[in-house]
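Residue numbers (my numbering): 1490 to 1675.
Ideal Cβ placement from N, Cα and C applies to all residues, glycine included.
All figures in this text were calculated on a predicted structure; none of them were measured in a lab.
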């Protein structure tokens, strides 16, 4: 029977025999019926899907991944919208929120409005940086695709050359004394 694989306090190996079908002795968890796997391990799609609505989960399952061009188009559209809003509203304050305050006995209720100047320059900078990042990613992916195609073409060319070399060589066996034009005599 195999020995237990647990480490002792002194750093050595446990010398007891492991239980049947296990790798540990009874003192070191061989009788444990707990799961061997990791029940809290992250499962694909579980990180964000717990916070998505069923409608969003359905849309997410239909989205095509790995398409940088669509995201680049969307980011450029968002940049155009931000530039248009900056031109229209520039440095003017926009209504951010309305708060209704209850009044005390002698004071009537009133509505408070909070205005805020949007940071369009920061928004435009972030979108521009995102476009730059997507362009770099797109160029990298296109380079990778071109390298893959070149390798495929090179491999196909080598295979053609190898098959042409094999097809051009005559592998017929001739007996000694036979000429190319002579028929073999039996």
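From residue i to residue j, what distance separates their C-alpha atoms?
i	j	result
residue 1608	residue 1574	11 Å
residue 1517	residue 1526	18 Å
residue 1557	residue 1626	8 Å
residue 1581	residue 1599	24 Å
residue 1508	residue 1500	21 Å
residue 1576	residue 1628	32 Å
residue 1647	residue 1502	56 Å
residue 1642	residue 1559	29 Å
residue 1637	residue 1493	50 Å
residue 1497	residue 1506	14 Å
residue 1561	residue 1515	60 Å
residue 1653	residue 1633	30 Å
Reducing DSSP to helix, strand and coil, say where residue i ends up.
i	result
residue 1490	coil
residue 1754	Nothing can be reported for residue 1754, as the shown portion of the chain is limited to 1490 through 1675.
residue 1570	helix
residue 1637	helix
residue 1647	helix
residue 1559	helix
residue 1687	The structure shown does not extend to residue 1687, since the chain spans only 1490 to 1675, so no value can be given for it.
residue 1590	strand
Can you tell me where the alpha helix (DSSP H) holding residue i begins and where it ends?
i	result
residue 1541	Taken as a continuous stretch (DSSP letters only), residue 1541 belongs to no alpha helix (DSSP H), as it is neither H nor E.
I believe residue i touches residue j by the beta-carbon criterion, under 8 Å. Please report the beta-carbon distance rounded to the nearest angstrom.
i	j	result
residue 1478	residue 1572	Residue 1478 falls outside the range modelled here, since the chain spans only 1490 to 1675, and no answer is possible.
residue 1584	residue 1604	6 Å
residue 1620	residue 1565	6 Å
residue 1590	residue 1601	6 Å
Just reading off the beta strand (DSSP E) that residue i is part of, what are its end residues?
i	result
residue 1602	1599-1605
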